[in-house]
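Asks: Protein chains in written order, with the working numbering: chain D, 4 to 357; chain U, 4 to 357.
Mind looking over this structure? Questions follow.
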DNA sequence: TATTATTTTGGAATCGATTCCAAAACAGAA
DNA sequence: TTCTGTTTTGGAATCGATTCCAAAATAATA
């Protein structure tokens, strides 16, 4: 027993009365080892609690069974951690591990981090941001297989996986339409970001699909999230024809919306239905009534990134045909709680009479 | 240029007209290299963009410049990610990297993970939980330097760093006392956890320090967080002598407290002051008025854990004197917003008249 | 049974750094 | 100039796995 970590393949070979090559073959489940020998070697390895040393293997094979997970700013948004979890779970399942680096939004550090990962011979890099956006990466990134999560590069020269914001916006709007709503307000943010633009686009597409003319009055772009939601309500609900439902670009905006609606004496969802976006548990699950919202596919993005690197990414040694790198959009599932449930009876009634 | 990663120390030696030993000495800033030679070697290395291979170094030196960061359940609580960030930043500063593993609360997987980290010759392990609690770890953990973050083992046989819950509870209560409050309610959770017990203990100690008799009526242990806070308000505010301030065991409870107080027509902080715990940004910063609360030292715990491993932990090879492993408690700083600010004028007046 | 094909085996060479030792170069003292 | 002590240097051995080749053992075929 004791420090079984000084036992080498040589020791195993000696104790088992075989050559090192045979032990190696057993270790890697290679063919051409007689069952008896294999069993014998396994027995000895178990006996002395042998564990092969990763560094030696990496040195010889040039493969490390490791992936780098680099983030620009890890902690800012809680739910973004799901990306790490998705990546970690997927990696572990395939006997890979994740080397984690957080660059604190520092380009120089980012470059150093990538270089350091190269030294460690990681077999791929995942670069993840904490909100959907365009990213800039140093050229060194092209020296190993890389994939982007929740972001993309302008030239689309790197594979990328992001949430399908348009689909999300569409789904949210459609949900409200299905509930019978015909005047649906959209409270957006004034910043131009993929999330904001995509969700609005989805909103418009859904209206179009239902033959409802787009009314610009029902869309407001506010500054801030919670504050913006709050202000948006005052704007939209004082319209001559106020909306009966509000789609908020994110859950924090919905939080402000709840406050303002309460001040106005309007009940959710009886007077106004509300749908958010992001499914930030702490907000969505704790608002009263519970906020119906859309889930960002963080876990799935992390898992996809790893699986892409491990199975689909062209290795640098054999580049394969020069296909453009995939730009994947993952759907945002709806999380039903209580805030959208307006006019349900009417809908049911109408459906039955069809 | 090109794939500079096939260049070895031999190549450098040849091109620089020196021996491999000399190159190695330059690489490691070892003494006994003439300045001229050193410069020459540096020049060649820069010229061909040489980078030493980590695996070879690890194999020879048995040191990997890597630490394992193992969590039981990474994503559940957003703010716990700060622990990772703290650890990562501290590690990077010392040219160490973090290998991340998430065991999904699976003991078997945890053991496998530790074994895998041993194979990779990490120089230490940080095991972090996402809330302050007791942890159970497999015996294998003793085979390398380990430290616990946000948790501890029953026998205290491993070094550990956790938030100082008592100090936090004390600080929160004292803040309210300073504001002039004399009847301070404490809304706790019914579960027995270090956080809950410690905060209540701090609450009691602060009262004692101010010579205020402890009134059991003012403490309520509710089920759930937000719901508990909500229920707690109805209980405490209907007392014959209701409290003028409420200390909530966490921010989510405070969220429920806000709801209930609003229903009762009580203004925060004019009628009732509120203090939370945890500083969950999404809640605390977005409640109206902003919630005064206590920050959990997650970042600091992560950083402390890494620095302990790197500088203070007894190496397994030279165990040193058998001192009991440190059990560190880090203070929880107050985050002032608006919800605590009651009676300030009176306090000022009284202070001046002292 | 002799011959050929196939499977199994042992062990030397290899991956790319560090480390150690002996030799060389240099400096200082007599 | 010679001798001694110190600094600098080159290079072989090493870390612990994999890989490849030739040899041995076994199986298949005639």
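Glycine included, every Cβ here is placed at the ideal spot set by N, Cα and C.
None of these values were measured; they are calculated from a predicted model.
Name, please, each residue of chain U whose Cβ falls closer than 9 Å to the Cβ of residue 3/D.
Replies: Any property of residue 3/D remains undetermined from this structure, which presents chain D solely from 4 to 357.
Asks: What are the boundary residues of the beta strand (DSSP E) that residue 74/U is part of?
Replies: Working through the second chain from its first residue, we reach residue 74/U at position 71. Note, residue 74/U: beta strand (DSSP E), 69 to 74.
Asks: Do residue 288/D and residue 254/D have their C-beta atoms closer together than 8 Å?
Replies: Within the first chain, numbered from 1, the residue matching residue 288/D stands at position 285. Within the first chain, numbered from 1, the residue matching residue 254/D stands at position 251. It is not a contact, given that the beta carbons lie outside the stated cut-off.
Asks: State the beta-bridge partners of residue 335/D as determined by DSSP.
Replies: Counting from one through the first chain, the residue named residue 335/D turns up at place 332. The partner list for residue 335/D (beta bridge, DSSP) is empty, contrary to what the question assumes.
Asks: Give me the Cα-Cα distance between residue 417/U and residue 247/D, rounded to the nearest whole angstrom.
Replies: Lying before the first or after the last residue shown, residue 417/U is absent from chain U, which here runs from 4 to 357.
Asks: Would you mind stating whether residue 260/D and residue 235/D have Cβ atoms separated by less than 8 Å?
Replies: Residue mapping note: residue 260/D aligns to position 257 of the first chain, counting from 1. Residue mapping note: residue 235/D aligns to position 232 of the first chain, counting from 1. Yes, the pair counts as a contact, with Cβ atoms nearer than the cut-off.
Asks: Give me the Cα-Cα distance between residue 169/U and residue 193/D, rounded to the nearest whole angstrom.
Replies: Against the second chain, residue 169/U aligns to sequence position 166. Against the first chain, residue 193/D aligns to sequence position 190. When rounded, the distance between both Cα atoms is 44 Å.
Asks: For residue 90/U, does the three-state DSSP call read helix, strand or coil?
Replies: If you number the second chain from 1, residue 90/U lands on position 87. Note: residue 90/U maps to helix in three-state DSSP.
Asks: Based on Cα-Cα distance, which residue from 58/D, 39/D and 77/D lies nearest to residue 302/U?
Replies: By 1-based counting over the second chain, the position of residue 302/U is 299. Checking every option, the nearest Cα to that of residue 302/U belongs to 77/D.
Asks: Taking 8 Å as the threshold, find out whether the stretch 306 to 317 of chain U comes into contact with the stretch 87 to 106 of chain U through three or more Cβ pairs.
Replies: Flag = yes, the stretch 306 to 317 of chain U and the stretch 87 to 106 of chain U touch.
Asks: Taking all protein chains shown into account, do 16 or more other C-beta atoms lie within 10 angstroms of the C-beta of residue 58/D, making it buried, or fewer, making it exposed?
Replies: Locating residue 58/D in the first chain gives position 55, counting from the first residue. With 16 or more Cβ atoms within 10 Å of its Cβ, residue 58/D is classed as buried.
Asks: Using 10 angstroms around the beta-carbon of residue 359/U, count the other beta-carbons present and answer buried if the total reaches 16, otherwise exposed.
Replies: The first residue shown for chain U is 4 and the last is 357, placing residue 359/U beyond what the model contains.
Asks: To which residues does DSSP link residue 281/D through a beta bridge?
Replies: Reading the first chain from its first residue, position 278 is the one you call residue 281/D. Answer is 298/D.
Asks: Taking beta-carbon pairs under 8 Å, can you tell me which members of the stretch 99 to 110 of chain D lie near chain U?
Replies: Against chain U - using a Cβ distance shorter than 8 Å - the residues of the stretch 99 to 110 of chain D are 100, 101, 102, 103, 104, 105 and 107.
Asks: What residues of chain D sit near residue 289/U, judged by a beta carbon separation below 7 Å?
Replies: In the second chain, residue 289/U corresponds to position 286, counting from 1. Ordered by position in chain D, the residues that pass the 7 Å Cβ test against residue 289/U are 229, 255 and 258.
Asks: Where does residue 163/U fall in DSSP's three states?
Replies: Translated into positions along the second chain, residue 163/U becomes position 160. Residue 163/U: strand per DSSP, three-state reduction.
Asks: Using the Cα positions of residue 15/D and residue 26/D, report the straight-line distance between them to the nearest angstrom.
Replies: Translated into positions along the first chain, residue 15/D becomes position 12. Translated into positions along the first chain, residue 26/D becomes position 23. Cα to Cα, residue 15/D sits roughly 7 Å from residue 26/D.
Asks: Mind pulling the chain U residues with CB within less than 8 Å of residue 91/D?
Replies: Mapped onto the first chain, residue 91/D falls at position 88. In chain order: 77, 103, 104 and 105.
Asks: Examine chain U for any beta-carbon lying closer than 8 Å to the beta-carbon of residue 121/D, and answer yes or no.
Replies: Taking the first residue of the first chain as 1, we reach residue 121/D at position 118. By this cut-off, residue 121/D is an interface position.
Asks: Give the secondary structure of residue 95/D by DSSP, where H, G and I count as helix, E and B as strand, and everything else as coil.
Replies: Here residue 95/D is taken as the residue at index 92 of the first chain, counted from 1. In the structure shown, residue 95/D sits in a helix (DSSP, three-state: H, G or I).
Asks: Reducing DSSP to helix, strand and coil, say where residue 32/U ends up.
Replies: Walking along the second chain from the start, residue 32/U turns up at place 29. In the structure shown, residue 32/U sits in coil (DSSP, three-state: anything other than H, G, I, E or B).
Asks: Out of 9/U, 17/U, 344/U and 11/U, state which residue places its alpha-carbon closest to the alpha-carbon of residue 181/U.
Replies: Translated into the one-based positions of the second chain, residue 181/U becomes position 178. Nearest C-alpha to residue 181/U: 344/U.
Asks: Of all the residues that make up the stretch 261 to 275 of chain U, which are near chain D by a beta-carbon distance shorter than 9 Å?
Replies: Cβ contacts with chain D: 262 and 265.
Asks: Are residue 242/D and residue 249/D close, meaning C-beta to C-beta below 8 Å?
Replies: Residue numbering aside, residue 242/D sits at position 239 when the first chain is read from its first letter. Residue numbering aside, residue 249/D sits at position 246 when the first chain is read from its first letter. No, the Cβ-Cβ distance between residue 242/D and residue 249/D is not below 8 Å.
Asks: DSSP three-state call for residue 307/D: helix, strand or coil?
Replies: The count along the first chain starts at 1 and reaches residue 307/D at position 304. Helix.
Asks: Going along the chain, which unbroken runs of the beta strand (DSSP E) with 3 or more residues stay wholly within the stretch 162 to 196 of chain U?
Replies: Whole beta strand (DSSP E) segments, 3+ residues: 163 to 166 and 187 to 192.
Asks: Using 8 Å as the limit for Cβ to Cβ distance, is residue 283/U near chain D?
Replies: In the second chain, counting from the first residue as 1, residue 283/U sits at position 280. Cβ-Cβ to chain D under 8 Å: yes for residue 283/U.
Asks: Let's see if you can read the secondary structure: which residues bound the alpha helix (DSSP H) around residue 64/D?
Replies: Counted from its first residue, the first chain places residue 64/D at position 61. Unbroken alpha helix (DSSP H) run through residue 64/D: 57 to 64.
Asks: Thinking just about the alpha-carbon of each residue, which of 130/D, 121/D, 157/D and 277/D is nearest to the one in residue 146/D?
Replies: Taking the first chain and counting its residues from 1, the one referred to as residue 146/D is at position 143. Residue 146/D has its Cα closest to that of 121/D, out of 130/D, 121/D, 157/D and 277/D.
Asks: Identify the residues that DSSP records as bridge partners of residue 252/D: which are they?
Replies: On the first chain, residue 252/D is found 249 positions in, with the first residue counted as 1. DSSP output for residue 252/D lists no bridge partner at all.
Asks: Spatial neighbours of residue 167/U within its chain, please: CB distance less than 7 Å, with the 5 preceding and 5 following residues excluded, ordered by chain position.
Replies: Position 164 of the second chain holds residue 167/U. Counting only Cβ-Cβ distances below 7 Å, and skipping sequence neighbours, we find 332, 333, 334 and 335.
Asks: Please tell me whether residue 355/D has its Cβ less than 8 Å away from any Cβ of chain U.
Replies: Your numbering for residue 355/D matches position 352 in the first chain. Confidence in residue 355/D is poor, its pLDDT being 40 and thus under 50, which makes the residue's placement unreliable; the coordinate value appears in the next sentence. For residue 355/D, the answer is no, since every Cβ of chain U falls outside 8 Å of its Cβ.
Asks: Would you give the residue range spanned by the beta strand (DSSP E) that residue 223/U belongs to?
Replies: Here residue 223/U corresponds to residue number 220 of the second chain, with the count starting at 1. Run containing residue 223/U: 222 to 225, per the beta strand (DSSP E) assignment.
Asks: Buried or exposed for residue 101/D, going by 16 or more other Cβ atoms inside 10 Å?
Replies: To locate residue 101/D, count along the first chain from 1; it is residue 98. By the 10 Å Cβ count, residue 101/D comes out buried.
Asks: Residue 149/D lies in the beta strand (DSSP E); which residues open and close that run?
Replies: Locating residue 149/D in the first chain gives position 146, where the first residue counts as 1. Note, residue 149/D: beta strand (DSSP E), 149 to 155.
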